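Residue numbers (our numbering): 748 to 861.
Think of the CB as a built atom: it goes at the ideal place given N, C-alpha and C, for glycine as much as any other residue.
All of these numbers come straight from a predicted model, not from anything done at the bench.
Written out below as structure tokens is the structure these notes cover.
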Amino acid sequence: RCERGGAGPAPGPAPAPPIAVVPAAAPNGAAPAGAATEAAASPPVKTLLEEFQRACSRPVIQEALVKLRAKGGVALQLGLTPLMNRAWSEVATALGLGQTWKLQQVFDAVKGQA
748 RCERGGAGPA PGPAPAPPIA VVPAAAPNGA APAGAATEAA ASPPVKTLLE EFQRACSRPV
808 IQEALVKLRA KGGVALQLGL TPLMNRAWSE VATALGLGQT WKLQQVFDAV KGQA
């Protein structure tokens with residue numbers, strides 16, 4: 748048994764910091780004040796979701812989804828996440844967020860707004 752001087756259980760990993768939801772660009776197209784990195788600035792959550800929905804509605808994504816549904820079962824389960832990530836990658840690029848912004852950050856931003 749290892750004694751730790753009554754310090755209690757070892758602390759777990761620190762939780763990830765919340766995503767700041769700020770405008771991606773000022774009206775003049777300049778970066779918002781205080782945006783040090785492209786990952787720090789993000790459009791409002793509603794914009795992220797609308798653009799993601801638009802990307803998922805594209806014919807190439809819908810065709811891939813139909814193929815996954817036809818295969819069904821495990822193929823659908825395993826193929827859905829990469830397909831969603833592919834659609835998100837297009838959104839991140841279009842919004843100027845770069846490849847550092849991942850789909851999970853969108854999920855976290857939505858949870859933060861709830």
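6 Å CB neighbourhood of residue i in its chain, flanking five on each side removed
i: Ala-834; result: Ala-802, Cys-803, Ile-808
i: Leu-795; result: Val-853
i: Arg-805; result: none
i: Gly-820; result: none
For residue i, the first and last residue of its enclosing alpha helix (DSSP H)
i: Lys-814; result: 806-818
i: Lys-858; result: 850-860
Whole-angstrom distance between residue j and residue i, CA atom to CA atom
i: Lys-818; j: Ser-836; result: 24 Å
i: Phe-854; j: Met-831; result: 12 Å
i: Ala-861; j: Gln-846; result: 26 Å
i: Ala-757; j: Gln-852; result: Residue placement at Ala-757 cannot be trusted, given a pLDDT of 46 that sits under 50; what the coordinates show is reported in the next sentence. The alpha-carbon atoms of Ala-757 and Gln-852 are separated by roughly 27 Å.
i: Gln-824; j: Val-792; result: 26 Å
i: Lys-849; j: Gly-859; result: 16 Å
DSSP three-state assignment for residue i, whether helix, strand or coil
i: Pro-791; result: coil
i: Leu-844; result: coil
Contacting residues, own chain, Cβ-Cβ under 7 Å from residue i (five flanking each side not counted)
i: Leu-827; result: Leu-815
i: Val-838; result: Glu-798, Phe-799, Ala-802
i: Leu-812; result: Leu-830
i: Gly-822; result: A quick correction: the sequence has Ala, not Gly, at residue 822. Around Ala-822: Leu-815.
Chain D within 7 Å of residue i, Cβ atoms only
i: Arg-833; result: Looking at the structure shown, chain D is missing, and only one protein chain is on hand.
Contact test: residue i Cβ vs the ligand SAM heavy atom, cutoff 6 Å
i: Val-853; result: Among the components modelled here there is no ligand, and therefore nothing to report on the ligand SAM.
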